[in-house]
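Quick note on my numbering: the sequence shown kicks off at 4 and runs consecutively. First up is the structure itself, then whatever we jot down about it.
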Amino acid sequence: MSKSVHQLHKEAFVVDTHCDTPLRIDEERADLGVKSNEGHNDFVRMKEGGVDLCFYAIFTRTKLSPDQSTVQAIRLIGETKDMIEANSDKVALATSVREAREIKNGGRGAIMLGMENGSPIQNDIALLNEFYRMGVRYITLCHSAHNQLCDSCAPKEKKWGGLSPFGKKVVKQMNKLGMIIDVSHLSDDSFYDCLKYSTAPIVATHSCCRALCNHPRNMSDKMIKDLAKNWGVIQINFYPAFLSDHYGCAEYFEAADAYDSAMKAYWRSGKKGKKEIADFKRKRDYIKKNFPSPSYKLLVDHIEHVVNLVGVDYVGLGSDYDGIEMPPLGLEDISKFENITKELRFRGYTDLDIKKILGENFMRVFSQVENIAFR
Ligand SMILES: [Zn+2]
Numbered sequence: 004m005s006k007s008v009h010q011l012h013k014e015a016f017v018v019d020t021h022c023d024t025p026l027r028i029d030e031e032r033a034d035l036g037v038k039s040n041e042g043h044n045d046f047v048r049m050k051e052g053g054v055d056l057c058f059y060a061i062f063t064r065t066k067l068s069p070d071q072s073t074v075q076a077i078r079l080i081g082e083t084k085d086m087i088e089a090n091s092d093k094v095a096l097a098t099s100v101r102e103a104r105e106i107k108n109g110g111r112g113a114i115m116l117g118m119e120n121g122s123p124i125q126n127d128i129a130l131l132n133e134f135y136r137m138g139v140r141y142i143t144l145c146h147s148a149h150n151q152l153c154d155s156c157a158p159k160e161k162k163w164g165g166l167s168p169f170g171k172k173v174v175k176q177m178n179k180l181g182m183i184i185d186v187s188h189l190s191d192d193s194f195y196d197c198l199k200y201s202t203a204p205i206v207a208t209h210s211c212c213r214a215l216c217n218h219p220r221n222m223s224d225k226m227i228k229d230l231a232k233n234w235g236v237i238q239i240n241f242y243p244a245f246l247s248d249h250y251g252c253a254e255y256f257e258a259a260d261a262y263d264s265a266m267k268a269y270w271r272s273g274k275k276g277k278k279e280i281a282d283f284k285r286k287r288d289y290i291k292k293n294f295p296s297p298s299y300k301l302l303v304d305h306i307e308h309v310v311n312l313v314g315v316d317y318v319g320l321g322s323d324y325d326g327i328e329m330p331p332l333g334l335e336d337i338s339k340f341e342n343i344t345k346e347l348r349f350r351g352y353t354d355l356d357i358k359k360i361l362g363e364n365f366m367r368v369f370s371q372v373e374n375i376a377f378r
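As structure tokens, then:
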């Protein structure tokens, strides 16, 4: 008799490679030790969702000066570590594949640090080395603007035509340290430069398929094939705007942005401000009416697209929770992760394949990155 979905999900090593949850600690003073209805992720809901390893993004906004971004990154790392330490019965910080697995075996959740936007390392390899020592294990080289390392996918006018000269040095040093190169947010040329210059496989920690949703943040079939040829992995993002063309339009981004600000003002007001409540509800109702959230099954379509294109070994999950406004129905927060396992089982995937998608594919790449560093 086959295992129940719940049993399979519990056994699997489940990884989410991208959550913006440190922002909620920093900006909303969120306490991740208690189950909340706010945001999408805390240590309690992570456990309920059977997620064993979660990457917390040390994200710095593109408008910050280099020094401001360095300070902000250090602050976010400090706040995240403080939160982990205050909840050491539930979670622990991991800095390697082995540590992450040991933490799961001990019955706790593993948290790892990924840096989103390489601005904080400025033009200084010593800063890169130091962020590695602080526990950062991947760097999304840029965000929605070009930086000192490479071009972003967002602005039409490009600056470097791929990686900058210093970006190439950073890629080399990241290989040496055993840090994962994350190509989400990068321009296509930057992606190809990373493939060219990295001796280790690379990862898109939170991106989807352009064939199903034509957005520059997503990867073309050719890019996915070339990523897979290099043993890398694409971790599917839960953001509706990257899942379907219906959401990937200017009107949605505008409405979603307004909703996000209204929601944050509402939380900040301690849910007491009458104006904040009214504004939040009005924007929520607008978005619900005009852009009803899609089903989580849409996300499984993206997984399946990658599987059909290159096989089952090159795809995983990177939710972007707490960085997106409205996740799909059925994946409202991290506690719902088991629905993905249920849907994959329903679509006829074997237990082994499901385990690969849930986390083993990413862990394989991470091990390869570590092995290259240690050589
Ligand atoms: Zn992102």
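The beta-carbon is built from N, C-alpha and C at its ideal position, and this holds for glycine as well.
{"Check": "Are Arg32 and Ile337 touching if we call contact CB-CB under 7 angstroms?", "Outcome": "no"}
{"Check": "Between Leu180, Asn233 and Gln176, which has its C-alpha nearest Phe194's C-alpha?", "Outcome": "Asn233"}
{"Check": "Taking Gly170 as part of the alpha helix (DSSP H), name the residues at either end of that continuous run.", "Outcome": "Pro168 to Leu180"}
{"Check": "Thinking just about the alpha-carbon of each residue, which of Ile80, Met177, Lys345 and Ser201 is nearest to the one in Asp29?", "Outcome": "Ile80"}
{"Check": "Under a Cβ-count criterion, where at least 16 other Cβ atoms within 10 Å of its own Cβ denotes burial, should Thr202 be classed as buried or exposed?", "Outcome": "exposed"}
{"Check": "Which parts of the region 277-336 are runs of the beta strand (DSSP E), unbroken and 3 residues or longer, counting only runs that do not cross its ends?", "Outcome": "318-320"}
{"Check": "Can you give me the Cβ contacts of Val310 inside the same chain, cut-off strictly under 7 angstroms, excluding the 5 residues immediately before and after it?", "Outcome": "Val318"}
{"Check": "Pull up the CB-CB distance for Tyr135 and Ile183, whole angstroms please, since I reckon it's below 8 angstroms.", "Outcome": "About 11 angstroms; that fails the 8 angstroms criterion."}
{"Check": "May I ask you to verify whether the region 11-31 touches the region 58-72, counting CB pairs closer than 8 angstroms and requiring at least 3?", "Outcome": "yes"}
{"Check": "Considering only the alpha carbon of each residue, which of Ser147, Ile106 and Gln151 lies closest to Asp127?", "Outcome": "Gln151"}
{"Check": "With which residues is Gln238 paired in a DSSP beta bridge?", "Outcome": "Gly319"}
{"Check": "What is the C-beta distance between Ser167 and His188, in whole angstroms, given that I count them as a contact (C-beta under 8 angstroms)?", "Outcome": "That pair is no contact at about 15 angstroms."}
{"Check": "Between which residues of its own chain and Lys300 is the CB-CB distance below 7 angstroms, once the five residues before and five after are set aside?", "Outcome": "Glu346"}
{"Check": "Between Gly110 and Gly36, what straight-line distance do the alpha-carbon atoms span, to the nearest angstrom?", "Outcome": "16 angstroms"}
{"Check": "Checking the sheet assignment: what are the DSSP bridge partners for Ile28?", "Outcome": "DSSP, once it has assigned bridges, lists no residue as partnering Ile28."}
{"Check": "With DSSP run on the structure shown, which of helix, strand or coil describes Cys212?", "Outcome": "strand"}
{"Check": "My guess is that Gly164 and Asp191 are in contact by the Cβ rule of under 8 angstroms, so how many angstroms apart are they, rounded?", "Outcome": "No, Gly164 and Asp191 are not in contact; Cβ-Cβ is about 11 angstroms, not under 8 angstroms."}
{"Check": "Tell me the start and end of each unbroken beta strand (DSSP E) in the region 121-176 that is at least 3 residues and wholly inside, in chain order.", "Outcome": "139-143"}
{"Check": "To the nearest angstrom, how far is it from the Cα of Asp92 to the Cα of Ser72?", "Outcome": "32 angstroms"}
{"Check": "Quick one: grab the DSSP three-state call for Glu41.", "Outcome": "coil"}
{"Check": "Given a cut-off of 7 angstroms on the beta-carbon distance, is the pair Tyr200 and Lys171 in contact?", "Outcome": "yes"}
{"Check": "What are the start and end residues of each continuous beta strand (DSSP E) run of 3 or more residues lying completely inside the region 70-122, in chain order?", "Outcome": "94-96 and 112-119"}
{"Check": "Span of the beta strand (DSSP E) holding Tyr352?", "Outcome": "Element bounds for Tyr352: n/a, residue is neither H nor E."}
{"Check": "Express the C-alpha separation of Asn40 and Ala95 in angstroms, rounding to a whole number.", "Outcome": "23 angstroms"}
{"Check": "How would you write the range of the beta strand (DSSP E) that Cys57 sits in, first residue to last?", "Outcome": "Leu56 to Phe62"}
{"Check": "Reducing DSSP to helix, strand and coil, say where His12 ends up.", "Outcome": "helix"}
{"Check": "If you reduce the DSSP assignment to three classes, tell me which class Asp34 lands in.", "Outcome": "coil"}
{"Check": "How long is the line joining the alpha carbons of Leu215 and Phe245, rounded to whole angstroms?", "Outcome": "9 angstroms"}
{"Check": "Are the CB atoms of Phe283 and Ala258 nearer to each other than 7 angstroms?", "Outcome": "no"}
{"Check": "Taking all protein chains shown into account, do 16 or more other C-beta atoms lie within 10 angstroms of the C-beta of Phe294, making it buried, or fewer, making it exposed?", "Outcome": "buried"}
{"Check": "Roughly how many angstroms separate the alpha carbons of Pro158 and Ile205, rounded to a whole number?", "Outcome": "23 angstroms"}
{"Check": "Please tell me whether Gly362 and Asp23 are closer than 7 angstroms, where the distance is taken between their beta carbons.", "Outcome": "no"}
{"Check": "Would you decide whether Thr353 is buried or exposed? Buried here means 16 or more other CB atoms lie within 10 Å of its CB.", "Outcome": "exposed"}
{"Check": "Lys66 to Leu131, Cα distance in whole Å?", "Outcome": "20 angstroms"}
{"Check": "Using three-state DSSP, classify Leu198 as helix, strand or coil.", "Outcome": "helix"}
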